[in-house]
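Presented below is the structure to which this report refers.
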Amino acid sequence: MNNYSNIYRIIFVLLLGSSLNLFSQKHDMKDHPGIHGMVLLGDDTQYASHLPLFYSPHDYQVILKIKLDELSAVTYQKDKLAHPENKLYTIEPEKFVLPGIINDIKTFKTNIYRGHFERGGELIIKDAQVEITKVLYFHKLNKDKSEGNPCDYIVFGDQKEQFLAHQILNRPDFDELSKIDINNKKVALSLQNGEIVIVPGTTKKTGSLSEKCKGPEEYKKLNFNNPERIYLEFDDLK
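Counting in my numbering, the sequence shown runs from 8 upward without gaps.
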């Protein structure tokens with residue numbers, strides 16, 4: 008079986024698993040409203056990746072496909088063009104209960120920052136309207152439970168843009184987001200309707216969390232060029 012056949016097998020098996028994971032999780036009534044900061048990704052199509060912590064109400068890894076209101080989308084795109092050296096944009100949403108996005112919350116207002124909204128980022132858009140068009144990934148973190156491969160990554164995006172996110176499972180862990188350019192457009196096209204691919208990684212035997220996973224360079228079987236890291240965080244997930 009060639010590499011591309013293996014990739015489609017991974018897509019089918021793990022998409023099924025992630026879908027079951029997404030819709031089997033019920034609203035946790037213990038959660039309370041919070042400001043759930045997220046990394047904003049994408050040009051023509053936007054995505055938001057929640058900045059998680061291992062305590063309530065922020066103990067969820069969530070990746071959303073979203074749509075900004077027209078004026079905010081234009082302003083955001085113009086700002087990206089004007090500041091090509093800046094890779095990180097974040098959003099500071101109004102307070103809401105995060106698991107509510109599964110069934111109840113479809114829109115919210117947010118401030119958009121160039122840089123990290125809690126670490127000196129510059130506010131560029133106030134009260135942007137966000138529509139959640141699809142919940143791509145949703146997983147509740149459990150600080151007391153060891154699960155899965157600590158070096159697996161999630162691929163999401165569409166035919167134009169693709170992204171790689173580290174799958175957060177165990178404490179301590181890390182949050183990593185990179186933009187990639189998949190050469191095999193058939194694979195990229197398979198992401199078009201909100202599918203994701205979870206690709207297995209290799210864990211290095213080391214005591215240092217920062218050296219445990221090789222990161223984007225490990226996934227050459229996906230056949231992509233020029234991985235561009237957008238965000239990397241260890242301290243928030245200790």
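Note that the Cβ used here is the ideal one computed from N, Cα and C, for glycine as well.
Task: Reference Ile203, options Lys212, Ile187, Leu171, closest by Cα - done: Leu171
Task: Beta-carbon proximity list for Leu60, same chain, < 6 Å, skipping 5 on both sides - done: Asp243
Task: Residue range of the unbroken alpha helix (DSSP H) whose run includes Ser79 - done: In the DSSP assignment, Ser79 falls within the unbroken alpha helix (DSSP H) covering 77-89.
TODO: Please classify Tyr62: is it buried, with 16 or more other beta-carbons within 10 angstroms of its beta-carbon, or exposed?
DONE: exposed
TODO: Would you tell me roughly how many angstroms separate the C-alpha atoms of Ile187 and Phe181, rounded to the nearest one?
DONE: 19 Å
Open item on the list: Run through the DSSP bridge pairs and tell me what His39 is partnered with.
Closed with: Looking at the DSSP assignment, His39 forms no beta bridge with any residue, so it has no partner.
- [ ] Give the straight-line distance between the Cα atoms of Glu99 and Thr117, rounded to the nearest whole angstrom.
- [x] In a straight line, the C-alpha of Glu99 is about 5 Å away from that of Thr117.
Task: Close beta carbons around Ile108, own chain, < 8 Å, minus the five adjacent residues each side - done: Val69, Leu71, Ile139, Val142, Phe145
TODO: Write down every uninterrupted run of the beta strand (DSSP E) in the segment 142-184 whose length is 3 residues or greater and which is fully enclosed by it, in chain order.
DONE: 160-164, 169-173
Open item on the list: Using CA atoms only, rank isn't needed, just tell me which of Ile175, Leu130, Gly208, Gly201 is closest to Tyr83.
Closed with: Leu130
TODO: Tell me whether Asp243 sits in a helix, a strand or coil according to DSSP, three-state version.
DONE: helix
Task: Best match in Glu125, Glu154, His57 for proximity to Pro106 [C-alpha to C-alpha] - done: His57
- [ ] Would you tell me roughly how many angstroms separate the C-alpha atoms of Gly201 and Ile112, rounded to the nearest one?
- [x] 18 Å
Open item on the list: Looking at the secondary structure, which residues open and close the beta strand (DSSP E) in which Glu218 lies?
Closed with: Where Glu218 is concerned, there is no enclosing beta strand (DSSP E), although the alpha helix (DSSP H) it sits in stretches over 216-219.
TODO: Identify every residue that forms a DSSP beta bridge with Tyr96.
DONE: Leu47, Gly122
TODO: Have a look at the DSSP bridge pairing and note the partners of Lys72.
DONE: Tyr54, Lys141
Open item on the list: Judging by CA-CA distance, which residue of Lys102, Val81, Ile73, Phe241 is the nearest neighbour of Asp165?
Closed with: Ile73
- [ ] Give the secondary structure of Pro106 by DSSP, where H, G and I count as helix, E and B as strand, and everything else as coil.
- [x] helix
Open item on the list: Here's a check: name, in chain order, each residue in its chain whose Cβ is nearer than 6 Å to the Cβ of Arg236, leaving out the five neighbours to either side.
Closed with: Ser185
Task: Where Thr114 falls, given that 16 or more other Cβ within 10 Å makes a residue buried - done: exposed
Task: Helix, strand or coil at Leu198 according to DSSP, with G and I counted as helix - done: coil
Task: 7 Å Cβ cutoff met for Phe163 and Ile189 - done: no
- [ ] State the Cα-Cα distance for the pair Glu92 and Asp86, rounded to the nearest angstrom.
- [x] 11 Å
Open item on the list: With the cut-off set at 7 Å, would you say Ala135 and Leu47 are in Cβ contact?
Closed with: no
- [ ] Could you tell me how far apart the beta carbons of Glu125 and Gly44 are, in whole angstroms, since I believe they sit closer than 8 Å?
- [x] 7 Å
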